[in-house]
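Structure, as structure tokens:
Number of protein chains: 4
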Amino acid sequence: MDTQSMLMSHPSVQGRPSDAIVNCIEQCADCAATCIQCADACLAEDMVADLRRCISLDLDCADICTATGRIASRHAGADARVLHLALQACAEICRSCAEECERHAGMHEHCRICAEACRACLRSCEEAMERLPGLQ
Amino acid sequence: MDTQSMLMSHPSVQGRPSDAIVNCIEQCADCAATCIQCADACLAEDMVADLRRCISLDLDCADICTATGRIASRHAGADARVLHLALQACAEICRSCAEECERHAGMHEHCRICAEACRACLRSCEEAMERLPGLQ
Amino acid sequence: MDTQSMLMSHPSVQGRPSDAIVNCIEQCADCAATCIQCADACLAEDMVADLRRCISLDLDCADICTATGRIASRHAGADARVLHLALQACAEICRSCAEECERHAGMHEHCRICAEACRACLRSCEEAMERLPGLQ
Amino acid sequence: MDTQSMLMSHPSVQGRPSDAIVNCIEQCADCAATCIQCADACLAEDMVADLRRCISLDLDCADICTATGRIASRHAGADARVLHLALQACAEICRSCAEECERHAGMHEHCRICAEACRACLRSCEEAMERLPGLQ
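Chains as they are written, first to last, in the UniProt record's numbering: chain A, 1 to 136; chain B, 1 to 136; chain C, 1 to 136; chain D, 1 to 136.
As structure tokens, this is what we get:
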């Protein structure tokens with residue numbers, strides 16, 4: 001994924017795109033894919049009944065990360081307030097999902113990796129909210 | 001779409017599901033589909049260059065409505081704070097998209113219908129935020 | 001959802017839109033939402049371990065139905081061959097998901113309703129493939 | 001994105017996951033994100049009226065790639081025939097989108113990069129269809 005080159009060739013992005021938005025778009029894509037895989041791996045575990053909340057949060061997280069990555073990619077008619085609220089919702093579900101996955105990270109490697117992806121995405125959303133002009 | 005019957009048969013929904021959540025799920029699905037159609041109709045208009053912001057907001061709105069409808073449907077491991085933030089982001093994009101569509105509702109019937117779908121979805125998100133226990 | 005009015009106001013749709021495509025778009029939205037709800041209801045059942053395949057097919061079905069409904073909505077630059085293949089994949093997952101849900105329709109009302117939504121969506125995809133000019 | 005490690009820790013994946021499926025999942029995520037960015041960059045170009053078909057195919061491609069990557073990630077209740085049809089639809093839209101983007105790759109760097117992402121995803125879908133047991 002070469003988000004930086006894509007944004008550099010976007011007519012509405014003047015000069016070098018913000019590292020924060022580039023990173024956020026890529027972390028959202030990564031986290032969405034990882035959460036889908038974690039949900040499916042949890043579903044296949046013997047102890048699936050104990051992993052219901054993890055599966056549900058994984059699916060919520062994948063859905064918001066997908067939407068947020070798409071919204072963060074749009075500069076042609078961007079609405080800063082909408083992006084800010086999407087980033088806020090995304091950061092919150094990443095935190096919830098990371099906390100849940102961390103509870104069984106010692107037992108399930110997929111939850112350990114997924115928690116890391118959620119933490120990285122959470123940080124990238126927070127940085128995007130802090131750094132982007134007009135987003136606050 | 002028979003969301004009420006689906007939720008009544010959900011093991012985690014005790015008794016009759018909240019009308020607010022049922023309506024919100026259905027309005028999100030309706031608004032997402034309408035926004036996808038409005039974006040494509042705008043793209044086909046002669047004056048497409050004047051409709052860039054409308055297309056972009058339509059696509060943002062479709063993506064958040066899809067994610068929010070999915071999150072509102074999940075009760076197996078629900079996280080009220082995540083749902084609340086998703087509803088907030090959804091309400092905001094519905095408001096932005098409705099305002100933009102209303103600017104050319106007199107000229108484009110698809111924008112008039114889309115603005116109505118966005119307003120209905122906005123109201124349903126606000127009602128869901130007001131009525132649901134634990135969402136505030 | 002007033003798909004017919006939306007398509008009638010679309011600059012690329014000449015005259016009255018095909019009933020088959022209107023119905024297909026609406027059934028895809030309905031089936032996607034119903035499958036998301038069925039997956040979550042299955043996840044909350046005591047016998048979740050026996051419902052793994054149902055949950056997985058529900059999620060697949062929701063994802064393809066969402067994509068297919070969006071593609072069927074786009075007329076601005078439509079590629080008939082792509083739509084045909086999407087409809088084919090959508091019909092197949094609707095059939096698989098309906099068959100799986102029917103296995104426990106007697107036990108779980110959400111699976112009974114979901115099977116019906118999948119069957120209706122399957123029929124609408126088949127009709128769209130049969131009726132649309134240039135789709136074969 | 002560490003899809004290989006995620007799949008290695010999935011209870012239903014015996015031993016080392018297929019390189020073809022790992023690559024396909026990652027290319028689908030990459031192509032979906034790139035297509036969303038290309039659609040938005042095209043929308044912001046002065047010559048947007050000439051890029052309608054490109055925007056529409058970009059959006060179709062993003063939607064199928066997202067769905068296909070999710071379906072390819074699910075092994076808990078996998079239906080090989082559904083995955084095969086999704087891969088077929090995905091390969092076809094990637095080919096259409098690549099051909100369209102290549103028409104203006106000399107003028108728009110975002111279209112050049114997007115065409116490459118689509119070609120890579122097309123190859124990964126074809127390899128997944130060829131290599132995976134039970135997929136034919």
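Yeah, the Cβ is synthetic: ideal placement off N, Cα and C, and Gly gets one too. Predicted model only: the values in this text are computed from it and were never measured.
If we cut at 8 Å on Cβ distances, does A/Q14 have a partner in chain D? Within the first sequence, numbered from 1, the residue matching residue 14 of chain A stands at position 14. Taking 8 Å as the CB threshold, A/Q14 stays off the interface with chain D.
Output, in chain order, the set of chain D residues within a Cβ distance shorter than 9 Å of C/D60. Start at 1 with the first residue of the third sequence, and residue 60 of chain C comes out as number 60. What C/D60 touches in chain D: A67, R70, I71, R74, G77, A78, D79, V82, L83, A86.
On the CB-based measure, 16 or more other CB atoms within 10 Å of its CB, does D/Q136 come out buried or exposed? In the fourth sequence, counting from the first residue as 1, residue 136 of chain D sits at position 136. Bear in mind that the predicted position of D/Q136 carries a pLDDT of just 45, short of 50, making it unreliable; the figure below should be weighed with that in mind. So D/Q136 counts as exposed.
Contact residues within the segment 5-29 of chain C, judged by C-beta distance below 9 Å to chain B: Listed by position, the residues of the segment 5-29 of chain C near chain B (Cβ gap below 9 Å) are S5, M6, L7, M8, S9, H10, P11, S12, V13, I25, E26, C28, A29.
Using a Cβ-Cβ cutoff of less than 7 Å, which residues in the same chain neighbour B/C61 once the five nearest sequence positions on both sides are dropped? Along the second sequence, read from residue 1 onward, the residue named residue 61 of chain B stands at position 61. Here the set comprises C31, C35, I93, C94, C97, C118.
Quick one: is B/S124 near chain A, going by C-beta distance under 8 Å? Within the second sequence, numbered from 1, the residue matching residue 124 of chain B stands at position 124. It does not: the Cβ of B/S124 has no partner Cβ on chain A nearer than 8 Å.
Could you name the residues of the same chain whose beta carbon sits closer than 7 Å to that of D/I55, not counting the 5 residues immediately before and after it, in chain order? Looking up residue 55 of chain D in the fourth sequence gives position 55. So the list reads A39, C42, L43, once near-sequence residues are dropped.
When the distance is taken between beta carbons, is C/T68 closer than 8 Å to C/L87? Position 87 of the third sequence, counting from 1, holds the residue named residue 87 of chain C. Position 68 of the third sequence, counting from 1, holds the residue named residue 68 of chain C. Yes, they are a contact pair.
Going along chain B in order, which residues have a C-beta closer than 9 Å to the C-beta of D/S96? Against the fourth sequence, residue 96 of chain D aligns to sequence position 96. Near D/S96 there are no residues of chain B at all, since even the closest Cβ is about 16 Å away, more than 9 Å.
Is the shortest distance between the beta-carbon of C/E99 and the beta-carbons of chain B less than 8 Å? Mapped onto the third sequence, residue 99 of chain C falls at position 99. Taking Cβ atoms only, chain B never reaches closer than 8 Å to C/E99, which makes this a no.
Those runs of the beta strand (DSSP E) which lie wholly inside the segment 58-103 of chain A and span at least 3 residues: List check, beta strand (DSSP E) in window: nothing returned.
Would you mind telling me which residues of chain B sit closer than 8 Å to A/A89, beta carbon to beta carbon, in chain order? To locate residue 89 of chain A, count along the first sequence from 1; it is residue 89. Simply V82, L85, A86, Q88, A89.
Alpha-carbon to alpha-carbon, C/Q37 and C/A76: Locating residue 76 of chain C in the third sequence gives position 76, where the first residue counts as 1. Locating residue 37 of chain C in the third sequence gives position 37, where the first residue counts as 1. The alpha-carbon atoms of C/A76 and C/Q37 are separated by roughly 32 Å.
When the Cα atoms are used, what is the spatial distance from C/A115 to C/L57? Sequence index remark: in the third sequence, residue 115 of chain C carries index 115 (1-based). Sequence index remark: in the third sequence, residue 57 of chain C carries index 57 (1-based). In a straight line, the C-alpha of C/A115 is about 11 Å away from that of C/L57.
Anything in chain B within Cβ reach of D/A44, meaning under 8 Å, just list it in chain order. Counting from one through the fourth sequence, the residue named residue 44 of chain D turns up at place 44. Chain B residues near D/A44: R52.
Just the Cα atoms here: how many angstroms apart are A/E99 and B/M6? Taking the first residue of the first sequence as 1, we reach residue 99 of chain A at position 99. Taking the first residue of the second sequence as 1, we reach residue 6 of chain B at position 6. Those two C-alpha atoms are separated by around 30 Å.
Contacts of B/H104 in chain C (Cβ-Cβ under 8 Å): Your numbering for residue 104 of chain B matches position 104 in the second sequence. Chain C residues near B/H104: none, gap ~12 Å exceeds 8 Å.
Test: D/R49 CB closer than 8 Å to a CB of chain B: Counting from one through the fourth sequence, the residue named residue 49 of chain D turns up at place 49. Here residue 49 of chain D turns out to be Ala, not Arg, going by the sequence shown. It does: the Cβ of D/A49 has a partner Cβ on chain B nearer than 8 Å.
In whole angstroms, what is the alpha-carbon distance linking B/V13 and B/Q4? Residue numbering aside, residue 13 of chain B sits at position 13 when the second sequence is read from its first letter. Residue numbering aside, residue 4 of chain B sits at position 4 when the second sequence is read from its first letter. Going from the Cα of B/V13 to the Cα of B/Q4 covers about 11 Å.
DSSP-derived helix/strand/coil call for A/Q27: For the purposes of this step, residue 27 of chain A is identified with residue 27 of the first sequence, where counting begins at 1. Three-state DSSP puts A/Q27 in a helix.
Output the boundary residues of the alpha helix (DSSP H) element that contains A/R16. Along the first sequence, read from residue 1 onward, the residue named residue 16 of chain A stands at position 16. That residue, A/R16, is in no alpha helix (DSSP H); it is neither H nor E in DSSP.
Span of the alpha helix (DSSP H) around A/H110: Taking the first residue of the first sequence as 1, we reach residue 110 of chain A at position 110. A/H110 -> alpha helix (DSSP H) spans 109-131.
I'd like the list of long-range same chain contacts for D/H108, defined as Cβ closer than 6 Å, with 5 residues on each side in sequence excluded. For this step, residue 108 of chain D is matched to residue 108 along the fourth sequence. Within the same chain, D/H108 has no close Cβ partners at all.
Does the beta carbon of A/D2 come closer than 8 Å to any beta carbon on chain B? Walking along the first sequence from the start, residue 2 of chain A turns up at place 2. Judged by the 8 Å Cβ criterion, A/D2 is not in contact with chain B.
B/I55 CB to nearest chain D CB: under 8 Å? For the purposes of this step, residue 55 of chain B is identified with residue 55 of the second sequence, where counting begins at 1. Output row for B/I55: interface = yes.
How far does the alpha helix (DSSP H) with C/L7 in it extend, from its first residue to its last? Reading the third sequence from its first residue, position 7 is the one you call residue 7 of chain C. 3-8 is the span of the alpha helix (DSSP H), which, as asked, contains C/L7.
In chain D, what lies closer than 7 Å to C/E92 by C-beta? Counting from 1 along the third sequence, the entry for residue 92 of chain C is found at position 92. Residues of chain D passing the Cβ test: R81, V82, L85.
May I have the straight-line CA-CA distance separating C/A128 from C/N23, to the nearest angstrom? Start at 1 with the first residue of the third sequence, and residue 128 of chain C comes out as number 128. Start at 1 with the first residue of the third sequence, and residue 23 of chain C comes out as number 23. Their backbone Cα atoms lie some 8 Å apart in a straight line.
In chain A, which residues lie less than 8 Å from B/D63 when you measure between Cβ atoms? Taking the second sequence and counting its residues from 1, the one referred to as residue 63 of chain B is at position 63. By Cβ distance, chain A contributes T66, A67, R70, I71.
On a Cα-Cα basis, can you pick out the residue from B/A80, B/R123, B/R70, B/L51 that is closest to B/E102? Taking the second sequence and counting its residues from 1, one reaches residue 102 of chain B at position 102. The candidate whose alpha carbon is nearest that of B/E102 is B/L51.
Cβ shell of D/L132 (< 7 Å), same chain only, five flanking positions each side left out: Here residue 132 of chain D refers to the residue found at position 132 when the fourth sequence is read from its first residue. Correct list, in chain order: S18, A20, I21.
If D/A72 sits next to D/I25, beta carbons under 8 Å apart, how far is it from one beta carbon to the other, in whole angstroms? Along the fourth sequence, read from residue 1 onward, the residue named residue 72 of chain D stands at position 72. Along the fourth sequence, read from residue 1 onward, the residue named residue 25 of chain D stands at position 25. Correct: roughly 5 Å between the Cβ atoms.
For the candidate residues A/E45, A/C28, A/V82, whose alpha-carbon lies nearest to that of A/D63? Along the first sequence, read from residue 1 onward, the residue named residue 63 of chain A stands at position 63. Ranking the options by Cα distance to A/D63, first place goes to A/C28.
Is it buried or exposed for D/E130, if we count other Cβ within 10 angstroms and need 16 for buried? Counting from 1 along the fourth sequence, the entry for residue 130 of chain D is found at position 130. D/E130 is exposed by the Cβ-count criterion.
State the Cα-Cα distance for the pair D/C111 and C/H104, rounded to the nearest angstrom. Position 111 of the fourth sequence, counted from the first residue, corresponds to residue 111 of chain D. Position 104 of the third sequence, counted from the first residue, corresponds to residue 104 of chain C. For D/C111 and C/H104, the distance between alpha carbons rounds to 48 Å.
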